[in-house]
Amino acid sequence: MASTEVAVIDYGVGNLLSVRRALEHCGAAVTVTSDPRLILAADRVVLPGVGAFANGMAALVRQRLAVTVRDVAARGRLLLGICLGMQMLFDNSTEFGVTPGLGLIAGTVVAVPATSSTGDALKIPHIGWNALVLPGGRENWSETLVQDLRPGEAAYFVHSFMASPTDQRNRIADCLYGENPIAAVVGRDNVLGCQFHPEKSGETGLTVLRRFLQM
Amino acid sequence: MGAGERSLAPEAYRLASLRNTRLIARLDIKGPNLIKGIHLEGLRVIGSPNEHARLYYQQGADELIYMDCVASLYGRNNLREIVESAAQDVFVPMTVGGGIRSVDDATNLLRSGADKVAVNTAAVANPELISDIAQRFGSQCMVLSIEAKQIGAARWEVYTDNGRERTGLDVIEWVRRGVALGAGEILLTSVDREGTRRGFDVPLVRAVTAEVSVPVIASGGMGTPQDLVDVVLQGEADAVAMADILHYRRAAIGDIRAVAQAAGLHVRTYG
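Residue numbers (our numbering), protein chains in the order written: chain P, 1 to 215; chain E, 1001 to 1271.
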């Protein structure tokens, strides 16, 4: 059986090596590329990224890849944003003023609350392993990116900002930081995102990537 | 909460519940070998670094730290190959340190599969290296590694080159400066406790966690899983680095995790 072809978008932001190795470990044939033709030719596309939202969007736009990512989504190909890559799927971010995003999922990107529900100061960035839980109103994860996980399994997060989807149905999994919910997995049709790093989340993360390759 | 002494413990648990304590396997490397010393000296060969790395990954280590023990001494860094090989089948965050002198050194290690770099000796010699690395890759990538030796009541001095060279710097002042320059995390090794199995230097860890808001990894001295509980509850450590206890198979990560969970700490659910 031929392995699933995945294009990992290289726009000069982030450690692509780990994403590539994790996908290869799960059996994918991975191309790390900034070439729109190769990106549009792949079965599945991953938009990685770390760092500031404005820098990430500027790099995508400068390399004429923002339009490519929108094309991938419009053609119904599976698209997975990771960390900053997930945040950029949304309409805009309030990190250092308002910066427009890709607009593929309705919502905005805001700072992770620095205070817990009990009024204690929380360390920002939110770094470390945190349990994935069902968001309020969702009963299960069937037929989602995390359908193979049990609520309570933990994934590895490193971030200071978080997505806030307008439509709660696009909110697939949350984690709780100081009791405040953070969108950990989002999705709208073929456009998916995870705030955590599946490539750094051990077997739990690899399970998510395997599902992405099989969807 | 009442005003009595007994309110201290629930308060410590409540504060600990805001942190997800990370269990980190620390691998000290000399040349091609995993080694272990006492007070960072008298190094003994344990075996192959990556065989141990894979074992600890499979046991559920939350992160790995690789430290090249002699890199500072000889001005070299052997770690790149080891990290590249580990990155093939270890899918948790890896911090790499020892002998990093420049942004280029950091770049090379991050390209080899490291997620964060830890800098000690070169940062003392050139503190701007901290801000250079933080600006280039983000603070979350820049771990300030500090080797601390007690020199008086609640006073610790910064050492470099694996506890061999004194710097005259006060640990608390250096931590404050390092964080102001952009360090996103502190790897705090007690030279006094390292390899002794006498428990972490809890007052040292508490002095540092009280000073800065970035995560602090307590390192050096873990003799039993209970030592971890103590340094998290009393020292307010965000993570613990474990070496001797794992290398000599005195406890597996799963056992340590179970003790931490039973003590009420928030650790990653695994397995």
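Glycine included, every Cβ here is placed at the ideal spot set by N, Cα and C. Remember, it's a predicted structure, so these values are computed and weren't measured experimentally.
Helix, strand or coil for residue i? Go by DSSP, reduced to three states.
i, result
"N55/P", "helix"
"C26/P", "coil"
"I175/P", "Contrary to the premise, residue 175/P reads as Cys rather than Ile in this sequence. Three-state result, C175/P: strand."
"I124/P", "coil"
"N15/P", "coil"
"I1151/E", "strand"
"G187/P", "strand"
"P165/P", "strand"
"I1172/E", "helix"
"R1080/E", "helix"
"M88/P", "coil"
"V46/P", "strand"
"A1122/E", "helix"
"T1229/E", "One detail in the question is off: residue 1229/E reads as Val in this sequence, not Thr. Helix."
"P1215/E", "coil"
"C1141/E", "helix"
"H1247/E", "helix"
"D10/P", "coil"
"R146/P", "According to the sequence as given, residue 146/P is Val; it is not Arg. In this structure, V146/P counts as coil in the three-state DSSP scheme."
"N130/P", "strand"
"F157/P", "strand"
"G1004/E", "Caution is warranted here: a pLDDT of 38 is assigned to G1004/E, below 50, making its placement in the model unreliable, and the coordinate value is therefore given only provisionally. Three-state DSSP puts G1004/E in coil, outside helix and strand."
Considering Cα atoms alone, identify which of the options is closest to residue i.
i, options, result
"R1054/E", "R1026/E, V1191/E, K1149/E", "R1026/E"
"T4/P", "E139/P, A42/P, G97/P", "A42/P"
"Y1270/E", "P36/P, T108/P, R150/P, R20/P", "R150/P"
"A111/P", "V67/P, T94/P, G119/P", "T94/P"
"A1243/E", "R1136/E, Q1234/E, D1089/E, T1189/E", "T1189/E"
"V1117/E", "V1096/E, D1068/E, Q1261/E, A1252/E", "V1096/E"
"R1166/E", "L1181/E, Q1150/E, A1154/E, A1180/E", "Q1150/E"
"G12/P", "A29/P, G128/P, R64/P, H25/P", "R64/P"
"A1251/E", "V1092/E, A1012/E, L1023/E", "L1023/E"
"M57/P", "E24/P, V208/P, L89/P", "L89/P"
"G103/P", "P165/P, T115/P, R62/P", "P165/P"
"V1205/E", "R1198/E, V1214/E, A1218/E, S1213/E", "A1218/E"
"A163/P", "L192/P, A155/P, D148/P", "L192/P"
"N170/P", "L47/P, L134/P, Q214/P", "L134/P"
"F53/P", "Y156/P, I82/P, H25/P", "I82/P"
"A74/P", "R188/P, V208/P, K200/P, M215/P", "R188/P"
"S18/P", "P48/P, Q168/P, L40/P, T207/P", "P48/P"
"E1147/E", "A1210/E, V1214/E, D1192/E, V1103/E", "D1192/E"
"R44/P", "D91/P, L78/P, L23/P", "L78/P"
Which residues of chain E have a Cβ atom closer than 7 Å to the Cβ of residue i, listed in chain order?
i, result
"Y11/P", "In chain order: nothing, as chain E lies at least about 16 Å away."
"L60/P", "Ordered by position in chain E, no residue passes the 7 Å Cβ test against L60/P, which lies about 18 Å from the chain."
"V158/P", "Q1140"
"E199/P", "F1091"
"L134/P", "Neighbours of L134/P on chain E: none; closest Cβ ~15 Å, over 7 Å."
"V50/P", "G1138"
Considering only the beta carbon of each residue, do residue i and residue j sit closer than 9 Å?
i, j, result
"L1034/E", "H1247/E", "yes"
"P1032/E", "I1082/E", "yes"
"I1130/E", "G1099/E", "no"
"V1208/E", "V1158/E", "no"
"E1194/E", "G1163/E", "yes"
"A106/P", "L132/P", "no"
"E143/P", "F1091/E", "no"
"V109/P", "F157/P", "no"
"M1142/E", "G1113/E", "no"
"T1196/E", "I1029/E", "no"
Checking contacts by CB at 9 Å: is residue i closer than that to chain E?
i, result
"A74/P", "no"
"G107/P", "no"
"N220/P", "No information on residue 220/P is available, as it lies outside the stretch 1 to 215 that chain P covers here."
"V185/P", "no"
"P125/P", "yes"
"G202/P", "yes"
"A121/P", "yes"
Run down chain P in chain order and give the residues with a C-beta less than 8 Å from the C-beta of residue i.
i, result
"L1110/E", "N15"
"D1105/E", "Going along chain P, no residue has its Cβ under 8 Å from D1105/E, so there is no contact; the nearest lies around 16 Å."
"H1269/E", "At residue 1269/E the sequence reads Thr, which differs from the His that was named. In chain order: A131, G152, E153, A154."
So that I know if they touch, is there some Cβ in chain P lying closer than 9 Å to that of residue i?
i, result
"P1215/E", "yes"
"N1050/E", "no"
"D1132/E", "no"
"Y1057/E", "yes"
"A1239/E", "yes"
"E1185/E", "yes"
"L1015/E", "yes"
"G1264/E", "no"
Should residue i be counted as a contact of the ligand SAH given a C-beta to heavy atom distance under 8 Å?
i, result
"P135/P", "The ligand SAH is absent from the structure shown, which contains no ligand whatsoever."
For residue i, return the contacting residues in chain B, with the cut-off set at a CB-CB distance below 9 Å.
i, result
"A22/P", "Within the model displayed, chain B is absent; protein chains P and E are what it includes."
Run down chain E in chain order and give the residues with a C-beta less than 8 Å from the C-beta of residue i.
i, result
"S18/P", "A1087, F1091, G1113, D1115"
I want to verify the contact list: residues of chain P whose CB lies under 9 Å from the CB of residue i, in sequence order.
i, result
"D1255/E", "In chain order: nothing, as chain P lies at least about 18 Å away."
"R1022/E", "I127, G128, W129"
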